[in-house]
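Trainee: Sharing a structure below in structure tokens format, with a few things to ask.
Number of protein chains: 2
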Amino acid sequence: MRPSELRQDLISLDWVVIAMGRAKRPHAFASSFPFVHDAKETCPFDNLEKFGNEKPVLQYGGKADWTLKVFPNKYPAFMSGFADCPVMLPKGPYNTMEGRGFHEVFVLRDHYKQPAELPVARLHELVHAYAERFRMLKEEGCVNYISIFHNHGRSAGASLTHPHSQLIAIPVIPPDISRSLEGSDRFFAGERKCAHCTMIEYERKEKSRIIFENSSMVVFAPFVSRSAFEMRIFPKEHSPHFETMSDREERSLAEALKTALHALNKGLKNPAYNYFIHTAPTRDHSHGYYHWHLEIVPKTQVWAGFEIGTGIEISTIGPESAAKFLRSFV
Amino acid sequence: MRPSELRQDLISLDWVVIAMGRAKRPHAFASSFPFVHDAKETCPFDNLEKFGNEKPVLQYGGKADWTLKVFPNKYPAFMSGFADCPVMLPKGPYNTMEGRGFHEVFVLRDHYKQPAELPVARLHELVHAYAERFRMLKEEGCVNYISIFHNHGRSAGASLTHPHSQLIAIPVIPPDISRSLEGSDRFFAGERKCAHCTMIEYERKEKSRIIFENSSMVVFAPFVSRSAFEMRIFPKEHSPHFETMSDREERSLAEALKTALHALNKGLKNPAYNYFIHTAPTRDHSHGYYHWHLEIVPKTQVWAGFEIGTGIEISTIGPESAAKFLRSFV
């Protein structure tokens, strides 16, 4: 039996396990359910007047031929806006805070076409809208972090099948981001280099885990993947801040995203997935060693007791095999 | 609309969100699928000879009337045993290590009776077996952490419905445990108290989140719950080490576990869940401020892009409502 391999992340110092003895072939991870679309007739995003959505905060295209609209979420996880910045409210030994912020929905026009199936121009628009709303909301005084994400498929938590992304702006820095910022700072203190730049350099040298590359972006299955078929898109040029991308970089990102999602869609037969952007906090500008990126995490495995109890994922496919397989669909 | 509440964990300093504006009633979390048992005829645990399992490393009861058997896992996530302790093998900028350790399966006799349905005496035996195997494996020179867990239901990652727990002994301290140990030390340095003892004291004073209590154990839905209907069982007396429990404490734990799982089973109609034990590392005895406990995490919500991208869970039920509901089934 081939032994398992433990691999330690450069930034979080977390361990993952690649369980070679339990290894599966790439096809074994393909989605076994057909993707069933919600009825267009009752989809709130196809019947905006009927469902009484508010006026969009951003719209691309004209009244009739709009291509993208951004709305405040009707059921926000964080109550909208700030009267004053929320303060720490102690409850017994704990700190609490009023959960205020902004929660927006980016609605793509076509009910049936997921990002993997859209032309690069549409994804360029989507990425541009992310950055535009990010820049707008970071000016709100109490926002400390802005998370942008996209859920595809019910098992990835999408409550509607109509393609849509979301943005949540919150007054605290999330734990996973804090750890990445600290880890990036710690790595820089030791190595005098950006940890993410070191990862990118290693992956580009090794080549085995690279899936796609264009002028500004590189897509790879990281050496320390937490999930099977996980992909990350990095800008090759160091930058902590997603929202400062040039138009050329936005276009590169759109092409990289399209290519990665298309490969996933074809290779694993339209699996459920989440993608999200990791970028530096909006207000604290001391994190120059952070390097923004986009992570694509397909729902290929269930986290069971060991993963939930330890934070160590047992992968049954190595990122090398996953990347080789995905590359064949690029 | 009721605002959401952000709550910060005492130990990890992680934030969770209780989204009051999206709040659901407890019944909305009930499992919507009937639990379908695997066929007993083809279950490997009911046909041990046929499937050629190895000799048990532990057995309670006689040859014919055995009640519990512990086997090495046939498909281990970590290759069995150590020739020498694994060493760090650098690969480019990364550290790797051979994934060796021990992976065992605790098989309960009855194909159909999950822990929630077993008499306390059977769970006492199970808990006793956990501690016995833990004490045995911690003597193995290269083991640094031992994780004990139980998966129930396919959506919680159980590949067989026959009730069984698992133990994985590994050469590294998992990230979630490292963070809890560091957090416990940090809290003690500031407050001169065990953080977990502070939590227990607060919950017992507040009462609203307590689900069950007996002579040695207390079960509550923590003020900072990461998942809806999450429960934790804590020994009231401070101890970092699970495996040093007295027989009386083992019996108390079995009763608390039975009560908690029974309430979950009745209240949420046999949902999928994971439970696992968090305890101090086996070799490093500097963590006297850690306090072992057992966590029960039902699969009530899907982690989507925001949760995976930030580590902040958006709960749509508060632990107060969850505890009140679960208490009614005790």
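Here the protein sequences come in this chain order: A and B. Note that numbering that gives the first Met the number 0 numbers the first sequence so that position 188 is 187, with each residue one more than the last. Note that numbering that gives the first Met the number 0 numbers the second sequence so that position 79 is 78, with each residue one more than the last. We put the CB at the ideal spot given by N, CA and C, even for glycine.
Is it buried or exposed for D64/A, if we count other Cβ within 10 angstroms and need 16 for buried?
Mentor: The residue in question, D64/A, is exposed, as its Cβ has fewer than 16 Cβ neighbours within 10 Å.
Trainee: On the criterion of 16 or more Cβ atoms from any shown chain inside 10 Å, does F275/A qualify as buried, or is it exposed?
Mentor: Flag for F275/A reads buried.
Trainee: Only counting the same chain, and skipping five residues up and downstream in sequence, which positions put a Cβ closer than 7 Å to that of P170/A?
Mentor: Hits under 7 Å: C84, P85, M96, R99, G100, C141, V142 and N143.
Trainee: Would you tell me roughly how many angstroms separate the C-alpha atoms of P118/A and Y111/A, rounded to the nearest one?
Mentor: The alpha-carbon atoms of P118/A and Y111/A are separated by roughly 14 Å.
Trainee: Span of the beta strand (DSSP E) holding F133/B?
Mentor: Here F133/B belongs to no beta strand (DSSP E); instead the alpha helix (DSSP H) covers V119 to L136.
Trainee: Could you check what DSSP says for G140/A in three-state terms: helix, strand or coil?
Mentor: If DSSP states are grouped into helix, strand and coil, G140/A belongs with coil.
Trainee: For L293/B, which option in E131/B, P71/B, P2/B and L260/B has the closest C-alpha, if you only look at C-alpha atoms?
Mentor: Closest option to L293/B, Cα to Cα, is L260/B.
Trainee: What residue ranges within the stretch 33-67 of chain A form continuous beta strand (DSSP E) runs of no fewer than 3 residues, ordered along the chain?
Mentor: Listed in chain order, the complete beta strand (DSSP E) runs (minimum 3 residues) inside the stretch 33-67 of chain A are 57-59.
Trainee: Counting only beta-carbon separations shorter than 8 Å, does H277/A have a partner in chain B?
Mentor: It does: the Cβ of H277/A has a partner Cβ on chain B nearer than 8 Å.
Trainee: Any beta carbon from chain B within less than 8 Å of A321/A's own beta carbon?
Mentor: So, not an interface residue.
Trainee: With a Cβ-Cβ cutoff of 8 Å, do G91/B and Y74/A count as a contact?
Mentor: Taking 8 Å as the Cβ cut-off, G91/B and Y74/A do not qualify as a contacting pair.
Trainee: Mind pulling the chain B residues with CB within less than 9 Å of H149/A?
Mentor: Those within 9 Å of H149/A in chain B are G304.
Trainee: Within a Cβ cutoff of 7 Å, which residues of the same chain sit near C42/A, ignoring the five residues on either side of it in sequence?
Mentor: The residues are H110, L159 and H161.
Trainee: Determine which residues of the stretch 2-18 of chain B have a Cβ less than 9 Å from any Cβ of chain A, and write them out in chain order.
Mentor: Residues passing the 9 Å Cβ filter: P2, S3, E4, L5, R6, Q7, D8, L9, S11, L12, D13, W14, V16, I17 and A18.
Trainee: Tell me, which residues are paired with K90/B by DSSP?
Mentor: In DSSP, K90/B forms a bridge with Y93/B.
Trainee: Check distances from the C-beta atoms of the stretch 67-87 of chain B to those of chain A and list, in chain order, the residues that come in under 7 Å.
Mentor: The stretch 67-87 of chain B vs chain A, Cβ under 7 Å: Y74, P75, A76, F77 and M78.
Trainee: With DSSP as the reference, label L358/A as helix, strand or coil.
Mentor: Lying before the first or after the last residue shown, residue 358/A is absent from chain A, which here runs from 0 to 329.
Trainee: When burial is assigned at 16 or more other CB atoms within 10 Å of the CB, is D13/A buried or exposed?
Mentor: D13/A should be labelled buried.
Trainee: Please classify I10/B: does DSSP put it in a helix, a strand, or coil?
Mentor: Here I10/B sits in coil by DSSP.
Trainee: Starting from H277/B and walking both ways along the beta strand (DSSP E), at which residues does that stretch end?
Mentor: Start and end: Y272 to H277.
Trainee: I want to verify the contact list: residues of chain B whose CB lies under 8 Å from the CB of E205/A, in sequence order.
Mentor: Within 8 Å Cβ-Cβ: G91.
Trainee: Considering only their Cβ atoms, is the gap separating H102/A from F133/A smaller than 8 Å?
Mentor: Taking 8 Å as the Cβ cut-off, F133/A and H102/A do not qualify as a contacting pair.
Trainee: Check whether the stretch 316-323 of chain B touches the stretch 24-41 of chain B, counting contact only when three or more Cβ pairs, one atom from each stretch, lie closer than 8 Å.
Mentor: Result yes; three or more Cβ-Cβ pairs closer than 8 Å.
Trainee: Of all the residues that make up the stretch 205-231 of chain B, which are near chain A by a beta-carbon distance shorter than 8 Å?
Mentor: Flagged, chain order: E205, F222 and V223.
Trainee: What's the gap between the Cα of G239/B and the Cα of G287/B?
Mentor: Per the sequence presented here, residue 239/B reads as Pro, with Gly not at that position. The straight-line gap from Cα to Cα measures roughly 6 Å.
Trainee: Would you please verify whether the beta carbon of G156/A is less than 8 Å from any beta carbon of chain B?
Mentor: It does: the Cβ of G156/A has a partner Cβ on chain B nearer than 8 Å.
Trainee: With DSSP as the reference, identify every bridge partner of M78/B, one or two as the case may be.
Mentor: Paired residue(s): R99/B.
Trainee: Suppose you measure from the CA of E312/A to the CA of V35/A; what does that come to, to the nearest Å?
Mentor: Approximately 29 Å between the Cα atoms of the pair.
Trainee: Taking S164/B as part of the beta strand (DSSP E), name the residues at either end of that continuous run.
Mentor: First-last of the beta strand (DSSP E) with S164/B: H163 to I169.
Trainee: Please work out which residues of its chain come closer than 7 Å, Cβ to Cβ, to K268/A, disregarding the five sequence neighbours upstream and downstream, and give them in chain order.
Mentor: These residues qualify, in order along the chain: A29 and S30.
Trainee: With DSSP as the reference, identify every bridge partner of R231/A, one or two as the case may be.
Mentor: Its beta-bridge partners are F219/A and E294/A.
Trainee: Let me make sure I understand the geometry here. Which of V296/A, P297/A, A38/A and G304/A has the alpha-carbon closest to that of P297/B?
Mentor: Of the candidates V296/A, P297/A, A38/A and G304/A, the one whose C-alpha sits nearest the C-alpha of P297/B is G304/A.
Trainee: By the criterion of Cβ-Cβ separation under 9 Å, what are the contact partners of I316/A in chain B?
Mentor: Under the 9 Å cutoff, chain B gives no residues; its nearest Cβ is about 14 Å from I316/A.
Trainee: Am I right that D175/A and G310/B are in contact with their C-beta atoms under 8 Å? What's the rounded C-beta distance?
Mentor: Sure, about 4 Å apart at Cβ, within 8 Å.
Trainee: Quick check on the DSSP output: the beta strand (DSSP E) that includes I307/A runs from which residue to which?
Mentor: Note, I307/A: premise wrong, no beta strand (DSSP E); alpha helix (DSSP H) at G304 to T309.
Trainee: Could you have a look at I199/A and say whether DSSP puts it in helix, strand or coil?
Mentor: I199/A falls in the helix class under three-state DSSP.
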